[in-house]
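Chains as they are written, first to last, in this note's numbering: chain A, 9 to 563; chain B, 2 to 103.
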Amino acid sequence: MYNYNEFDAAFVAERNKQFRAQVERRVAGHLTEDEFKPLRLMNGLYLQLHAYMLRVAIPYGTLSGRQMRQLALLAEKWDKGYGHFTTRQNIQYNWPKLPDVPDMLDALAEVEMHAIQTSGNTIRNVTADHFAGAAADEVADPRPVAELLRQWSTDHPEFQFLPRKFKIAVSGSENDRAVIKAHDIGIQVVERDGEIGYRIIVGGGLGRTPMIGKVLNEFVPQAELLPYVEAVVSVWNLLGRRDNKYKARIKITVHEHGIDDIRARVDERFKAIRPTFTGIDTALFEEIKAAFAPPAFKEASTALYETAYKTDPIFRSWADTNLWAHRAPGYAIVQISLKTPGETPGDASAEQMRVMAEIAETYGHDELRISHEQNVILPHVHKSDLPAVHATLKKHGLATANIGLISDIIACPGMDYCALATARSIPIAQQIATRFDELKLEHEIGEMKIKISGCINACGHHHVGHIGILGLDRAGVENYQITLGGDATETAAIGERTGPGFSADEIIPAIERIVYAYLDLRESPEETFLAAYRRAGMAPFKEALYEKKEAYAAE
Amino acid sequence: MAKPFSPKVVTANALIEGDVVYLTAQDAWTRDLAQAELLEDEAVAQDRLLFGASQTETVVGVYLADAVPGATGPEPTHFREDFRRTGPSNYFHGKQAELSDV
């Protein structure tokens, strides 16, 4: 893993010192809220419905055991004993008090973490495939690129007052697990004739105007990546609309100017700035890359795993759903579900965080990842250790076997916390998960991604859910719109609206009708919901939702 | 014809704790909506809003929220204000927990 150098540590310490003084001046009345607000936002501190909220960056979702323990400490000491992992691989604390925040930031700095640029019109936390460095299908680990971009974008003087926020995601694999097509810039590591380079996708995004990103450049060589990305942001920084915040994101700029025009402008800008990159960036990249060298994988028998798999049906069910293919022989990627039916998606208690840290330290080469799907990943676990890992997870409510299934729901905080929300998301997620758990249909349904947002800003990625749910305020009542056929992967698609929305009471039965319609029309259990939707289209689902309510009523 | 004025309360978040507060008739801030001053006259409401908004060392984000008279005091008309006076629905945290401690 990358460790802070002296410069990183000094920079974070200096920012924390500044923010401490700013908080003191605010509390003493020497700064007005108008003066203070941009300062607190620069340091990840929001004011939400019931309290302040501190958003802490987890760069490319990677954590060590020590860092996870410190997140647990923050939850216990300054919050209400838990934290919320988000769709951008951050963690949010929902209940800090203003005078405590500088202490929280100092505690984070002790483990090389911060909350800088987790808000505001800046380049935000650079996210990456949560299987980075472990996935069998990977061309190269995307995290060195993400770290290079983090260092370059942090406090970059040209990019502190962008037209709007700017989000970058990096994938090291053709199979996109980082939603790169719904980011301002998506970067895919590719190989051409033995040379590593990058496919640059631009102008994707969700929110009120969802767009799938377009390929700006099929292959940017390693040495040109940083100047190329800088050229893209630079072009948008000048061109992006500052007159209307709803039209300020790069997706609108790309849409209005066309990808060819943007490409020409980027090429021109690239030519101008390329000579100013003198090679320090490529030397730095090599240094960073060395820090992400894979751990020393052990060679051992997997007999223990095979025995447990044969003899313990609970273990088998968990292994079938929550494990993923690892690149190293005898190893597996473990996904820890934070989606136990009835619980809040993405929440972990301080105790659970410590348990996951302990497991990572004991069995997982001291590495943890946070996924944009709001789960925790142990990227490197030898199969012989899986029975022990599972047993410990089970004791702490962390062994739910539902990854990729209908109860593995992404949900934004919604109106339970967020000041921007128009309806609640969390209770809808809880009810759907609980209902399908009761019906015991989850495994029968198979792969299913439900994503819920509590407002049009789409933090819950509803546009790219197989079933997307958007909570709105309709004349003072919570109302939920459904979209179908969204896809967050390399075959990305924006879901299509089914029609009129449903009240909070009607939304769970509505989701059930969609699921029953799917089970009826699929050609075989191998045909996933998304595949069935792509084949059969909207009509049968619309009919089940609006015309044949009785036929699909719950039995 | 202009829409008739609907009653309001002055509400905000406390600067230090960040929690929801309401302005009382005694010029103080309360955590309990039932203790808030219900403003039934538009001119008075605007005046009270200005008074609240001037207290920048105590509160943040002052605004007028719709409310109606209830058995024990003002009550919210919109679900957002109902959540603000209660707390989140996924945990027994926030006002619902704190007020029951009193």
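By construction, the Cβ of each residue, glycine as well, lies at the ideal position given by its N, Cα and C atoms.
Beta-carbon gap between residue i and residue j smaller than 8 Å
{"i": "A:TRP244", "j": "A:ILE258", "result": "yes"}
{"i": "A:THR1", "j": "A:LYS550", "result": "Any property of residue 1 of chain A remains undetermined from this structure, which presents chain A solely from 9 to 563."}
{"i": "A:TYR101", "j": "A:MET50", "result": "no"}
{"i": "A:LEU428", "j": "A:GLN382", "result": "no"}
{"i": "A:VAL147", "j": "A:GLY194", "result": "no"}
{"i": "A:GLY73", "j": "A:GLU369", "result": "yes"}
{"i": "A:GLY213", "j": "A:ALA190", "result": "yes"}
{"i": "A:LEU386", "j": "A:VAL342", "result": "yes"}
{"i": "A:THR442", "j": "A:GLY354", "result": "no"}
{"i": "A:ALA154", "j": "A:VAL119", "result": "no"}
{"i": "A:MET121", "j": "A:LEU376", "result": "no"}
{"i": "A:SER379", "j": "A:GLY69", "result": "yes"}
{"i": "A:TYR524", "j": "A:LEU492", "result": "no"}
{"i": "A:GLY52", "j": "A:VAL35", "result": "no"}
{"i": "A:PHE305", "j": "A:PRO152", "result": "no"}
{"i": "B:ALA35", "j": "B:PRO75", "result": "yes"}
{"i": "A:ARG185", "j": "A:ASN133", "result": "no"}
{"i": "A:LYS391", "j": "A:THR310", "result": "yes"}
{"i": "A:ILE411", "j": "A:THR329", "result": "yes"}
CB contact below 8 Å: residue i versus chain A
{"i": "B:ASP20", "result": "yes"}
{"i": "B:LEU16", "result": "yes"}
{"i": "B:PRO89", "result": "yes"}
{"i": "B:PRO5", "result": "no"}
{"i": "B:GLU99", "result": "no"}
{"i": "B:ASP102", "result": "Confidence in B:ASP102 is poor, its pLDDT being 47 and thus under 50, which makes the residue's placement unreliable; the coordinate value appears in the next sentence. B:ASP102 does not count as touching chain A."}
{"i": "B:GLU58", "result": "yes"}
Within chain A, the residues that residue i reaches when beta carbons sit closer than 9 Å
{"i": "B:ARG85", "result": "LEU57 and HIS58"}
{"i": "B:GLY62", "result": "GLU41, LEU55 and ALA427"}
{"i": "B:PHE80", "result": "MET423, ALA431, ARG432, ASP481, GLY484, VAL485 and GLU486"}
Any C-beta of chain B under 8 Å from that of residue i
{"i": "A:GLU563", "result": "Model confidence at A:GLU563 stands at a pLDDT of 48, short of 50, so the residue's coordinates are unreliable and nothing is read from them."}
{"i": "A:TYR425", "result": "yes"}
{"i": "A:ILE281", "result": "no"}
{"i": "A:LEU106", "result": "yes"}
{"i": "A:LYS88", "result": "yes"}
{"i": "A:GLY37", "result": "yes"}
{"i": "A:PRO395", "result": "no"}
{"i": "A:PRO46", "result": "no"}
{"i": "A:GLY128", "result": "no"}
Amino acids of chain A, ordered along the chain, whose beta-carbon sits closer than 7 Å to that of residue i
{"i": "B:ARG1", "result": "Residue 1 of chain B falls outside the range modelled here, since chain B spans only 2 to 103, and no answer is possible."}
{"i": "B:ARG49", "result": "Residues of chain A passing the Cβ test: none, with the nearest at roughly 19 Å."}
{"i": "B:GLY71", "result": "Those within 7 Å of B:GLY71 in chain A number zero; the least Cβ separation is about 17 Å."}
{"i": "B:GLU76", "result": "Correct list: empty, because the minimum Cβ distance to chain A is about 14 Å."}
CA nearest to the CA of residue i, picked from the options
{"i": "A:PHE510", "options": "A:GLY503, A:VAL223 and A:ILE519", "result": "A:ILE519"}
{"i": "A:ILE464", "options": "A:MET423, A:THR290 and A:LYS448", "result": "A:MET423"}
{"i": "A:THR217", "options": "A:TYR526, A:PRO107 and A:ALA466", "result": "A:ALA466"}
{"i": "A:LEU47", "options": "A:ALA59, A:ARG362 and A:GLU32", "result": "A:GLU32"}
{"i": "B:VAL21", "options": "B:ASP33, B:ALA29 and B:ASP28", "result": "B:ASP33"}
{"i": "A:GLU295", "options": "A:HIS265, A:HIS263, A:PHE227 and A:LEU156", "result": "A:LEU156"}
{"i": "B:PHE6", "options": "B:ASP28, B:GLY19 and B:ALA46", "result": "B:ALA46"}
{"i": "A:GLN168", "options": "A:VAL187, A:ALA59 and A:GLY128", "result": "A:GLY128"}
{"i": "A:GLU276", "options": "A:ALA239, A:TYR54 and A:THR284", "result": "A:ALA239"}
7 Å Cβ cut-off: residues of chain B touching residue i
{"i": "A:ARG432", "result": "SER90"}
Neighbour list for residue i in chain A, Cβ cutoff strictly below 8 Å
{"i": "B:GLY53", "result": "Neighbours of B:GLY53 on chain A: none; closest Cβ ~13 Å, over 8 Å."}
Contacts of residue i in chain B (Cβ-Cβ under 9 Å)
{"i": "A:PRO110", "result": "Going along chain B, no residue has its Cβ under 9 Å from A:PRO110, so there is no contact; the nearest lies around 13 Å."}
{"i": "A:PRO435", "result": "SER90 and ASN91"}
Interface partners of residue i on chain B, CB under 8 Å
{"i": "A:THR352", "result": "ASN91 and TYR92"}
Exercise. Which ranges does the alpha helix (DSSP H) cover as unbroken runs of at least 4 residues, wholly within the segment 348-411 of chain A, from first to last along the chain?
Worked result: 358-371 and 394-403
For this session: Ignoring anything shorter than 4 residues or poking outside the segment 413-480 of chain A, list the alpha helix (DSSP H) runs there in chain order.
Result: 434-447 and 450-453
Exercise. What runs of the alpha helix (DSSP H), each 4 residues or longer, lie entirely inside the segment 25-70 of chain B?
Worked result: 43-54
Problem set entry | beta strand (DSSP E) runs wholly inside the segment 272-340 of chain A, at least 3 long, in chain order | 331-333
For this session: Please list the segments of the alpha helix (DSSP H) lying wholly inside the segment 236-269 of chain A, counting only runs of 4 or more residues, in order along the chain.
Result: 258-265
Exercise. Counting only runs that start and end within the segment 109-171 of chain A, where is the alpha helix (DSSP H) found for 4 or more residues in a row?
Worked result: 109-118 and 151-161
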